[in-house]
Amino acid sequence: MRVAVECKSPLMQKSLELFLGKHLSSVKNCDILLRDVKCMNDKRCFYISSSKDSDLVKPFSKSQLILALEKRYGSINETDIKSEFADDEKLDFEILEKRIESLTKEYQANILRAVRAFYEK
């Protein structure tokens, strides 16, 4: 599942990017496009808002978001997704950079936690 985030709210944008670290993709290559503004005529669009007609109602947890996205992804016809993109897509290095940055931060946090635990004893 490849997800792109395109929000007008910077707080919502960053929160969703943190929640979806390993699923992030560019808008061009995504299966699902998360937005905080209602979008028309795009079946990839996943609308998040406080209104009842949204796909996911705010506030929500990370697990609620992942479950809702997995449900939507399952309902999307995979043949439609594959036909939208060429087979010889180029690797998007921006996604790779974000993933490496996320893993590095996680690794650093784990090391710091271990060092603190060692010296607090």
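Counting in this note's numbering, the sequence shown runs without a single skipped number right up to 108 at its last residue. All C-beta atoms, glycine included, are put in the ideal place defined by N, C-alpha and C.
Local Cβ density within 10 Å of residue i, reported as buried at 16 or more and exposed below that
i	result
Leu21	buried
Phe6	buried
Ser50	exposed
Ala(-9)	buried
Asp74	Any answer about Asp74 is weak, because its pLDDT of 43 lies below 50 and its placement is not dependable; what the coordinates show is given next. By the neighbour-count rule (16 or more Cβ atoms within 10 Å), Asp74 is not buried but exposed.
Asp29	exposed
Leu99	exposed
Neighbourhood of residue i by C-beta, 7 angstroms cutoff - its chain only, sequence neighbours within 5 removed
i	result
Cys32	Leu20, Arg22, Cys26
Ser13	Ala(-9), Asp79, Glu81, Ile82
Lys85	Leu11
Ser55	It is Ala, not Ser, that sits at residue 55 in the sequence shown. Contacts found: Asp42, Leu43.
Cα-Cα separation, residue i to residue j
i	j	result
Ser36	Met(-1)	10 angstroms
Lys184	Lys39	In the structure as shown, the chain starts at -12 and stops at 108, and residue 184 therefore has no counterpart that could be examined.
Asp42	Val24	11 angstroms
Lys92	Ser2	16 angstroms
Tyr94	Glu4	18 angstroms
Assigned secondary structure, residue i (DSSP; H/G/I helix, E/B strand, else coil)
i	result
Ser36	strand
Leu7	coil
Arg(-11)	coil
Arg59	helix
Val14	coil
Val44	strand
Arg31	coil
Own chain residues within Cβ distance below 8 angstroms of residue i, not counting five before or after
i	result
Asp18	Met(-12), Arg(-11), Val(-10), Ser12, Arg31, Tyr60, Ile63, Ile68
6 angstroms CB neighbourhood of residue i in its chain, flanking five on each side removed
i	result
Cys(-6)	Gln0, Asp23
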